[in-house]
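Report on the structure given below.
In my numbering, the protein residues as written are -13 to 196.
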(Lines of atoms letter the chains of each structure in order from A and count residues from 1; the text may use other names and numbers.)
(Lines give C-alpha, C1' and ligand atoms only; values in the text may rest on other atoms or scores of the structure.)
Protein backbone atom coordinates (compact mmCIF):
# COMPACT_ATOMS: atom_id res chain seq x y z
CA UNK A 1 0.00 0.00 0.00
CA UNK A 2 1.35 3.43 -0.96
CA UNK A 3 1.78 5.82 1.95
CA UNK A 4 -0.38 8.96 1.73
CA UNK A 5 1.33 12.11 0.54
CA UNK A 6 1.62 14.41 3.54
CA UNK A 7 1.89 18.20 3.71
CA UNK A 8 2.81 20.18 6.82
CA UNK A 9 1.53 23.77 6.77
CA UNK A 10 4.00 25.88 8.76
CA UNK A 11 1.77 28.93 9.12
CA UNK A 12 3.79 31.17 6.80
CA UNK A 13 1.60 34.19 5.95
CA UNK A 14 0.55 34.90 2.37
CA UNK A 15 2.45 38.20 2.25
CA UNK A 16 5.74 36.39 2.95
CA UNK A 17 5.49 34.77 -0.48
CA UNK A 18 5.48 38.27 -2.01
CA UNK A 19 9.02 38.91 -0.75
CA UNK A 20 11.86 38.94 -3.25
CA UNK A 21 10.19 38.81 -6.65
CA UNK A 22 6.55 38.98 -7.77
CA UNK A 23 5.89 38.18 -11.43
CA UNK A 24 3.51 40.76 -12.92
CA UNK A 25 2.35 42.30 -16.19
CA UNK A 26 3.02 45.96 -16.93
CA UNK A 27 -0.39 47.67 -16.85
CA UNK A 28 0.68 50.02 -19.65
CA UNK A 29 2.09 47.62 -22.27
CA UNK A 30 1.34 44.12 -20.83
CA UNK A 31 5.04 43.15 -20.90
CA UNK A 32 6.01 40.55 -18.26
CA UNK A 33 8.01 42.11 -15.45
CA UNK A 34 9.19 41.71 -11.88
CA UNK A 35 8.33 43.62 -8.72
CA UNK A 36 11.37 43.58 -6.43
CA UNK A 37 10.19 43.59 -2.82
CA UNK A 38 12.12 43.65 0.46
CA UNK A 39 11.08 44.01 4.09
CA UNK A 40 13.13 45.31 7.03
CA UNK A 41 11.37 45.60 10.39
CA UNK A 42 14.10 47.95 11.65
CA UNK A 43 13.53 50.59 8.94
CA UNK A 44 10.74 53.04 8.25
CA UNK A 45 9.00 52.40 5.95
CA UNK A 46 9.49 48.67 6.39
CA UNK A 47 8.65 47.73 2.79
CA UNK A 48 10.94 48.78 -0.07
CA UNK A 49 9.51 47.85 -3.47
CA UNK A 50 10.42 48.64 -7.07
CA UNK A 51 8.99 47.98 -10.51
CA UNK A 52 10.51 49.05 -13.82
CA UNK A 53 9.16 47.93 -17.20
CA UNK A 54 11.90 47.02 -19.68
CA UNK A 55 9.58 47.73 -22.61
CA UNK A 56 7.83 51.04 -21.94
CA UNK A 57 9.92 52.34 -19.03
CA UNK A 58 7.06 52.59 -16.54
CA UNK A 59 8.55 52.86 -13.03
CA UNK A 60 6.93 52.48 -9.62
CA UNK A 61 8.34 52.87 -6.12
CA UNK A 62 6.98 52.27 -2.63
CA UNK A 63 8.81 55.40 -1.46
CA UNK A 64 6.47 57.42 -3.69
CA UNK A 65 3.41 55.51 -2.46
CA UNK A 66 2.56 54.29 -5.95
CA UNK A 67 -0.59 52.16 -6.07
CA UNK A 68 -2.56 51.30 -9.22
CA UNK A 69 -4.95 48.75 -7.75
CA UNK A 70 -8.44 49.08 -6.25
CA UNK A 71 -9.18 51.68 -3.59
CA UNK A 72 -12.12 52.78 -1.49
CA UNK A 73 -13.31 56.13 -0.14
CA UNK A 74 -14.79 55.83 3.32
CA UNK A 75 -15.83 58.13 6.16
CA UNK A 76 -17.65 58.07 9.49
CA UNK A 77 -19.60 60.67 11.46
CA UNK A 78 -22.93 61.05 13.32
CA UNK A 79 -25.99 62.27 11.46
CA UNK A 80 -25.84 66.07 11.14
CA UNK A 81 -29.54 66.40 11.98
CA UNK A 82 -30.59 63.89 14.63
CA UNK A 83 -27.16 62.66 15.71
CA UNK A 84 -28.70 59.28 16.35
CA UNK A 85 -27.00 57.09 13.76
CA UNK A 86 -23.43 56.78 12.58
CA UNK A 87 -23.17 57.44 8.86
CA UNK A 88 -20.47 55.44 7.08
CA UNK A 89 -20.55 56.05 3.32
CA UNK A 90 -18.17 53.99 1.20
CA UNK A 91 -17.36 54.04 -2.50
CA UNK A 92 -15.12 51.54 -4.31
CA UNK A 93 -12.94 52.13 -7.39
CA UNK A 94 -10.99 49.64 -9.48
CA UNK A 95 -8.08 52.11 -9.53
CA UNK A 96 -7.33 55.45 -7.83
CA UNK A 97 -9.52 58.22 -9.32
CA UNK A 98 -7.74 61.25 -10.76
CA UNK A 99 -9.79 63.65 -8.62
CA UNK A 100 -11.32 61.81 -5.66
CA UNK A 101 -14.12 63.65 -3.85
CA UNK A 102 -13.40 64.90 -0.35
CA UNK A 103 -16.95 64.20 0.83
CA UNK A 104 -19.69 61.67 0.18
CA UNK A 105 -23.39 62.19 0.84
CA UNK A 106 -25.02 59.75 3.26
CA UNK A 107 -28.70 59.37 4.14
CA UNK A 108 -29.54 58.77 7.79
CA UNK A 109 -31.68 55.62 8.19
CA UNK A 110 -33.33 57.19 11.26
CA UNK A 111 -34.43 60.66 10.10
CA UNK A 112 -33.78 60.33 6.33
CA UNK A 113 -31.80 63.57 6.19
CA UNK A 114 -28.64 63.74 4.11
CA UNK A 115 -25.25 64.70 5.52
CA UNK A 116 -21.91 65.36 3.86
CA UNK A 117 -19.28 63.05 5.33
CA UNK A 118 -15.52 63.62 4.96
CA UNK A 119 -13.84 60.58 3.43
CA UNK A 120 -10.30 59.24 3.08
CA UNK A 121 -8.91 56.93 0.42
CA UNK A 122 -7.31 53.60 1.25
CA UNK A 123 -5.96 50.65 -0.72
CA UNK A 124 -8.00 47.47 -1.02
CA UNK A 125 -7.60 44.02 -2.53
CA UNK A 126 -10.14 42.18 -4.69
CA UNK A 127 -11.95 39.28 -3.05
CA UNK A 128 -9.76 36.72 -4.81
CA UNK A 129 -6.57 38.74 -3.94
CA UNK A 130 -5.40 38.15 -7.51
CA UNK A 131 -3.13 41.20 -7.85
CA UNK A 132 0.37 42.20 -6.81
CA UNK A 133 0.04 43.31 -3.15
CA UNK A 134 2.72 46.02 -3.46
CA UNK A 135 1.47 48.16 -6.37
CA UNK A 136 -1.81 46.54 -7.38
CA UNK A 137 -0.41 45.30 -10.71
CA UNK A 138 -1.95 42.35 -12.59
CA UNK A 139 -0.21 39.06 -11.80
CA UNK A 140 1.41 37.11 -14.62
CA UNK A 141 0.96 33.64 -13.12
CA UNK A 142 -2.81 33.24 -13.37
CA UNK A 143 -5.07 30.69 -15.06
CA UNK A 144 -8.85 30.18 -14.90
CA UNK A 145 -10.57 27.00 -13.75
CA UNK A 146 -14.24 26.03 -13.49
CA UNK A 147 -14.17 27.05 -9.83
CA UNK A 148 -12.13 30.25 -9.86
CA UNK A 149 -8.78 31.73 -10.85
CA UNK A 150 -5.61 29.96 -9.73
CA UNK A 151 -2.74 32.40 -9.20
CA UNK A 152 0.66 32.75 -7.59
CA UNK A 153 3.24 35.45 -6.95
CA UNK A 154 6.30 33.43 -7.98
CA UNK A 155 7.70 29.84 -8.26
CA UNK A 156 8.11 29.48 -4.48
CA UNK A 157 4.46 30.35 -4.00
CA UNK A 158 3.49 27.88 -6.73
CA UNK A 159 5.50 25.07 -5.12
CA UNK A 160 3.83 25.67 -1.76
CA UNK A 161 0.36 25.64 -3.31
CA UNK A 162 1.09 22.50 -5.29
CA UNK A 163 2.41 20.71 -2.21
CA UNK A 164 -0.76 21.58 -0.32
CA UNK A 165 -3.26 20.84 -3.09
CA UNK A 166 -1.73 17.53 -4.15
CA UNK A 167 -1.34 16.15 -0.61
CA UNK A 168 -3.57 13.36 0.67
CA UNK A 169 -2.98 14.37 4.29
CA UNK A 170 -2.70 18.01 5.36
CA UNK A 171 -1.44 18.96 8.79
CA UNK A 172 -0.92 22.25 10.63
CA UNK A 173 2.19 23.08 12.57
CA UNK A 174 1.15 24.54 15.90
CA UNK A 175 1.43 26.91 17.72
CA UNK A 176 2.82 28.97 14.80
CA UNK A 177 -0.25 28.50 12.59
CA UNK A 178 -2.54 31.57 12.53
CA UNK A 179 -5.48 33.09 10.67
CA UNK A 180 -3.01 34.97 8.47
CA UNK A 181 -1.40 31.79 7.15
CA UNK A 182 -1.37 31.19 3.41
CA UNK A 183 -3.47 28.04 3.59
CA UNK A 184 -6.01 29.57 5.97
CA UNK A 185 -6.93 32.29 3.44
CA UNK A 186 -7.24 29.94 0.45
CA UNK A 187 -10.75 29.83 -1.01
CA UNK A 188 -12.81 26.80 -0.03
CA UNK A 189 -12.90 25.43 -3.59
CA UNK A 190 -9.10 25.05 -3.57
CA UNK A 191 -9.22 22.97 -0.38
CA UNK A 192 -11.77 20.40 -1.55
CA UNK A 193 -10.40 16.93 -2.30
CA UNK A 194 -12.72 16.52 -5.31
CA UNK A 195 -11.01 19.50 -7.00
CA UNK A 196 -7.47 18.28 -6.23
CA UNK A 197 -6.66 16.93 -9.70
CA UNK A 198 -7.94 19.96 -11.61
CA UNK A 199 -6.23 22.52 -9.36
CA UNK A 200 -2.96 20.57 -9.41
CA UNK A 201 -3.00 20.57 -13.24
CA UNK A 202 -3.58 24.33 -13.25
CA UNK A 203 -0.61 24.85 -10.92
CA UNK A 204 1.62 22.65 -13.09
CA UNK A 205 0.56 24.70 -16.11
CA UNK A 206 1.64 27.90 -14.34
CA UNK A 207 4.95 26.27 -13.37
CA UNK A 208 5.84 25.90 -17.07
CA UNK A 209 5.54 29.70 -17.43
CA UNK A 210 8.26 30.42 -14.86
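Every residue gets a Cβ at the ideal spot worked out from N, C-alpha and C, and that includes glycine. From a predicted model like this one, the values you see are computed outputs, not experimental measurements.
The beta strand (DSSP E) enclosing residue i, as first and last residue numbers
i: residue 6; result: 6 to 11
i: residue 157; result: 155 to 158
i: residue 19; result: 18 to 25
i: residue 103; result: 100 to 104
i: residue 33; result: 33 to 38
i: residue 197; result: The chain is shown only over -13 to 196; residue 197 falls outside these bounds and no answer can be derived.
i: residue 137; result: 135 to 137
i: residue -7; result: -8 to -5
i: residue 77; result: 76 to 79
Distance between beta carbons of residue j and residue i, contact taken as under 8 Å
i: residue 134; j: residue 118; result: At roughly 18 Å, the Cβ-Cβ gap does not stay under 8 Å, so residue 134 and residue 118 are not in contact.
i: residue 65; j: residue 73; result: 6 Å
i: residue 146; j: residue 168; result: 7 Å
Among the options, the one whose alpha carbon lies nearest that of residue i
i: residue 112; options: 185, 173, 150; result: 173
i: residue 175; options: 145, 131, 153; result: 131
i: residue 124; options: -9, 23, 3, 13; result: 13
i: residue 56; options: 35, 145, 120, 38; result: 120
i: residue 33; options: 47, 39, 43; result: 47
i: residue -8; options: 38, 85, 195, 158; result: 158
i: residue 153; options: 177, 170, 136; result: 177
i: residue 1; options: 24, 20, 19; result: 24
Through-space distance from residue j to residue i, alpha-carbon basis
i: residue 156; j: residue -5; result: 7 Å
i: residue 94; j: residue 51; result: 35 Å
i: residue 89; j: residue 101; result: 10 Å
i: residue 82; j: residue 54; result: 6 Å
i: residue -13; j: residue 183; result: In this predicted model, residue -13 has a pLDDT of only 43, less than 50, meaning its place in the structure is not dependable enough to derive any value.
Test item: CB-CB of residue i and residue j under 7 Å
i: residue 186; j: residue 151; result: yes
i: residue 126; j: residue 9; result: yes
i: residue 91; j: residue 192; result: no
i: residue 148; j: residue -1; result: no
i: residue 75; j: residue 103; result: yes
i: residue 37; j: residue 143; result: no
i: residue 68; j: residue 97; result: yes
Residue i - containing alpha helix (DSSP H), residue span
i: residue 89; result: Looking at the DSSP string, residue 89 is not in any alpha helix (DSSP H); the run it does join, the beta strand (DSSP E), is 89 to 93.
i: residue 141; result: 141 to 151
i: residue 45; result: Where residue 45 is concerned, there is no enclosing alpha helix (DSSP H), although the beta strand (DSSP E) it sits in stretches over 45 to 47.
i: residue 189; result: 182 to 193
i: residue 177; result: 174 to 177
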